[in-house]
Structure formats: C-alpha cells, structure tokens
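Residue numbers (this note's numbering): 8 to 113. Just so it is clear, CB atoms sit at the ideal spot from N, CA and C, and this is done for glycine as well.
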DNA sequence: CCTATGACTCATC
DNA sequence: GGATGAGCCATAG
C-alpha cells in the first residue's frame, strides 16, 4: 500500500504512522525514503495531506508550517504534544528533542 | 520532453 | 536571532 508507485503514497503512509504526541520534520520524512525532497513532503501535504496527520510533520527547528500554526497548535494541545512554552502562544515551538519520532522508534 | 511550483533546508551576512 | 540566497526533488500541466 505504501508504495503504489508514487512518492506521495509512501509519504502519506509514513505520516499516517506517526503516533500522537510525536512529530517528524519534512527533511526526516524525505530522508526516510532516501530522498532530500523536503519540499516534496510539503508539496504532498498541501495536495494530498488532507487525509493524514500533517500537523505531526513540521519544519526543522520545531516550527509548524507557516499559515497553519494555529491549526497545528490546536492539534498539539489535543494530542498533548510536547511544546516549549515561549514568551507567548504565537511564538511556540515543538519540544523537538522529545517529540521527535522515527519509523523504528515506535 | 520542458517549465513552473512549493506546508523545505542549509549556509552565510 | 533574523534576513537573504541558493539548492533540491517529484508532480502537474
């Protein structure tokens, strides 16, 4: 199922496997497939990520995709994702060292 | 087949 | 810590 022939299916499958409270970076997801298409993952999310927990996939440093910070934050609170309380809610970031997940660390 | 496009990443100033 | 530029890769048209 994962490999239906397109990178999209592989990425979607991996993202759907990410457990709640954990997050992965676009680069890590792409790297998991031996590709550096960090933008690809983002591109796929924007186009097909509608059916996967895209909020568990963030950029490097622990920042959610620009324009989706509010939506992502909402899910993080619901799933109790480890967040680092910044000066304000508008400047939050993921507790990357703790929330980082890997396809074998499940 | 070629061009345009991104929910990205890294290096540098 | 923030801003800028260039690199990268697969999909869609």
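Select from the options the residue whose C-alpha is nearest the C-alpha of residue i.
i          : options            : result
residue 43 : 51, 52 and 33      : 33
residue 68 : 35, 55 and 25      : 35
residue 47 : 13, 92, 99 and 75  : 13
residue 76 : 101, 55, 59 and 87 : 101
residue 59 : 91, 90, 45 and 82  : 82
residue 71 : 55, 85, 98 and 54  : 98
residue 74 : 20, 19 and 53      : 53
With 16 as the cutoff for other CB atoms within 10 Å, does residue i come out buried or exposed?
i           : result
residue 51  : buried
residue 63  : buried
residue 79  : buried
residue 104 : exposed
residue 41  : exposed
residue 65  : buried
Tell me the rounded alpha-carbon separation between residue i and residue j.
i           : j          : result
residue 17  : residue 38 : 12 Å
residue 15  : residue 57 : 12 Å
residue 113 : residue 24 : 9 Å
residue 22  : residue 89 : 18 Å
Check whether the Cβ of residue i sits closer than 8 Å to any heavy atom of the ligand NAD, and report yes or no.
i          : result
residue 42 : This structure does not include the ligand NAD; it has no bound ligands of any sort.
Quiz item: Between the segment 25–32 and the segment 106–113, do three or more beta carbon pairs fall short of 8 Å?
Solution: Taking 8 Å as the limit for Cβ pairs, the verdict is that the segment 106–113 does touch the segment 25–32.
Quiz item: Which runs of the alpha helix (DSSP H) spanning at least 4 residues fall entirely within the segment 19–98, listed in chain order?
Solution: For the segment 19–98, the continuous alpha helix (DSSP H) assignments of 4+ residues that do not extend past its boundaries occur at 33–39, 45–55 and 76–85, in sequence order.
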